[in-house]
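Q:
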Amino acid sequence: MHPALDTFLRTHHHAITTAEAASIGLNREVLRGLVQRGVLTRVARGAYVQTSVLTGAEHDDAKHRLRARALLRSRPEAWAASHQTAVLLWGLPLPQAPLARLHVCHTRPTGTSRRRETYSVHLCPRPAEFRQVDSLLVQPPAAALVGAALHTPRASAVAAIDAALHLELVTTTELDRALADAARVPRVEGARLAVALADGRSESPGESLLRLVLADLGFTAVPQYLVRDGEVVIARVDFYLPALGVVLEFDGRLKYAGGQGARALTSEKTREDRIRALGYGVGRVTWGDLRQPEAVRRCVLSAARLARPELLGHRPTAG
Numbered sequence: 076m077h078p079a080l081d082t083f084l085r086t087h088h089h090a091i092t093t094a095e096a097a098s099i100g101l102n103r104e105v106l107r108g109l110v111q112r113g114v115l116t117r118v119a120r121g122a123y124v125q126t127s128v129l130t131g132a133e134h135d136d137a138k139h140r141l142r143a144r145a146l147l148r149s150r151p152e153a154w155a156a157s158h159q160t161a162v163l164l165w166g167l168p169l170p171q172a173p174l175a176r177l178h179v180c181h182t183r184p185t186g187t188s189r190r191r192e193t194y195s196v197h198l199c200p201r202p203a204e205f206r207q208v209d210s211l212l213v214q215p216p217a218a219a220l221v222g223a224a225l226h227t228p229r230a231s232a233v234a235a236i237d238a239a240l241h242l243e244l245v246t247t248t249e250l251d252r253a254l255a256d257a258a259r260v261p262r263v264e265g266a267r268l269a270v271a272l273a274d275g276r277s278e279s280p281g282e283s284l285l286r287l288v289l290a291d292l293g294f295t296a297v298p299q300y301l302v303r304d305g306e307v308v309i310a311r312v313d314f315y316l317p318a319l320g321v322v323l324e325f326d327g328r329l330k331y332a333g334g335q336g337a338r339a340l341t342s343e344k345t346r347e348d349r350i351r352a353l354g355y356g357v358g359r360v361t362w363g364d365l366r367q368p369e370a371v372r373r374c375v376l377s378a379a380r381l382a383r384p385e386l387l388g389h390r391p392t393a394g
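Each residue of the sequence shown is one higher than the one before, starting from 76 at the first, in the numbering used here.
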């Protein structure tokens with residue numbers, strides 16, 4: 076690789092524009108050659124990313140952010156990140172959402188909306204408020220979340236809003252204001268529903284998705300429930316289903332990876348044994364279960380059969 080290009084990519088998030096390439100002595104013909112050799116991947120007219128980094132990214136959200144940086148830097152004054160792209164640049168999750176398409180908007184009330192092969196350009200929002208994230212213009216979190224909720228599955232939008240509330244990036248007042256600004260936008264009812272279902276107590280996308288599955292199955296679940304032994308808190312669990320006396324945990328398995336995994340697993344088992352000794356039934360749900368609601372139902376009911384209401388001080392009922 077050209078030394079100047081290598082240095083530039085390493086110091087500019089592995090993206091480069093035609094104008095930036097010219098500043099280090101690389102013309103359009105050289106860029107075309109780099110694309111043909113697989114060194115660079117063309118994102119859009121005038122925007123490129125380092126191919127090895129793009130293909131090496133493990134998750135679609137990382138690939139989306141990489142491509143977005145190149146596209147936005149190709150029109151630094153004219154476009155801002157919007158909708159799903161803005162949500163991801165704010166560092167928020169969009170699990171189970173299609174992320175192939177980039178979303179930007181005009182920064183001024185001129186121009187038209189248009190749909191290209193790999194990205195969409197939206198009209199300038201009203202009010203036209205933008206923030207800077209890593210030197211890129213980006214919609215404020217509330218507007219981005221409501222915009223994303225117009226174009227993504229309900230569960231994806233709720234998980235993103237949950238995370239924003241949990242991280243205190245947005246308030247419910249800001250979300251309500253963003254919904255009011257989008258009152259005449261098609262599909263706004265879906266965004267209203269996503270905001271209504273959001274709960275900042277959920278601490279991960281998996282917990283957000285599980286909460287929605289439980290609600291769809293008809294179970295009432297309390298997030299981040301404190302399990303007490305008398306006056307002593309022995310655990311904070313992901314969910315408690317009071318009607319069944321069931322504690323439910325989302326198991327993403329990441330915490331068991333690496334050299335500390337065995338000790339973490341042993342500690343978790345000891346914790347669960349203490350919870351069971353108090354009379355709770357305990358169940359674990361994995362990412363795979365989230366795609367099969369009936370598997371979640373079976374997990375809950377299996378845990379309910381192991382609950383001991385006489386120790387809990389109340390009699391759980393079937394749910």
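Note that the Cβ used here is the ideal one computed from N, Cα and C, for glycine as well.
Can you tell which of H181, P170, L225 has the C-alpha that lies nearest to the C-alpha of L365?
A: Residue numbering aside, residue 365 sits at position 290 when the sequence shown is read from its first letter. L365 has its Cα closest to that of P170, out of H181, P170, L225.
Q: Roughly how far, in whole angstroms, is the beta-carbon of L220 from the beta-carbon of V245, given that I think they are within contact range, below 8 Å?
A: On the sequence shown, residue 220 is found 145 positions in, with the first residue counted as 1. On the sequence shown, residue 245 is found 170 positions in, with the first residue counted as 1. Indeed they touch by this definition, with Cβ atoms about 7 Å apart.
Q: Skipping 5 residues on each side, what residues in its chain have a beta carbon closer than 6 Å to that of R148?
A: Taking the first residue of the sequence shown as position 1, residue 148 is located at position 73. The residues are T92.
Q: Based on Cα-Cα distance, which residue from P298, E192, R276, C199 lies nearest to A257?
A: What you label residue 257 is simply residue 182 of the sequence shown in a count that begins at 1. For the residues P298, E192, R276, C199, the minimum Cα distance to A257 belongs to C199.
Q: Can you tell me whether DSSP reads H241 as helix, strand or coil?
A: Working through the sequence shown from its first residue, we reach residue 241 at position 166. DSSP places H241 in helix when its eight states are reduced to three.
Q: Return helix, strand or coil for Q159, following the three-state DSSP convention.
A: For the purposes of this step, residue 159 is identified with residue 84 of the sequence shown, where counting begins at 1. Residue state, collapsed to three classes: helix.
Q: Hey, L265 and R229 are a contact pair by Cβ (cut 8 Å); roughly how many whole angstroms apart?
A: As a position in the sequence shown, residue 265 is number 190, starting the count at 1. As a position in the sequence shown, residue 229 is number 154, starting the count at 1. Looking at the sequence shown, residue 265 is not Leu but Gly. Contact holds; Cβ gap of about 7 Å.
Q: Whole-angstrom Cβ separation of A238 and L167, contact assumed at under 8 Å?
A: For the purposes of this step, residue 238 is identified with residue 163 of the sequence shown, where counting begins at 1. For the purposes of this step, residue 167 is identified with residue 92 of the sequence shown, where counting begins at 1. Yes, they are in contact, since the Cβ atoms of A238 and L167 sit about 5 Å apart, within 8 Å.
Q: Determine, using beta carbons only, whether L284 and A224 come nearer to each other than 8 Å.
A: Indexing the sequence shown from 1 puts residue 284 at position 209. Indexing the sequence shown from 1 puts residue 224 at position 149. No. Outside cutoff.
Q: When you compare the segment 364 to 384 with the segment 318 to 325, are there three or more beta-carbon pairs, one atom per stretch, that lie closer than 8 Å?
A: With a cut-off of 8 Å, the segment 318 to 325 and the segment 364 to 384 count as touching, because enough Cβ pairs lie within range.
Q: Tell me whether the segment 114 to 130 and the segment 143 to 157 touch, counting them as touching only if at least three CB pairs, one residue from each stretch, are closer than 8 Å.
A: Yes, the segment 114 to 130 touches the segment 143 to 157.
Q: For D135, which beta-bridge partners are listed by DSSP?
A: Indexing the sequence shown from 1 puts residue 135 at position 60. According to DSSP, D135 bridges with nothing at all.
Q: Pop quiz: R311 and L301 are said to be a contact at Cβ under 8 Å. What is the actual Cβ separation, rounded to whole angstroms?
A: For this step, residue 311 is matched to residue 236 along the sequence shown. For this step, residue 301 is matched to residue 226 along the sequence shown. At roughly 5 Å, the Cβ-Cβ gap stays under 8 Å, so R311 and L301 are in contact.
Q: List the endpoints of the continuous beta strand (DSSP E) containing D304.
A: In the sequence shown, the residue the question calls residue 304 occupies position 229. Counting along the chain, the beta strand (DSSP E) containing D304 begins and ends at 297 to 304.
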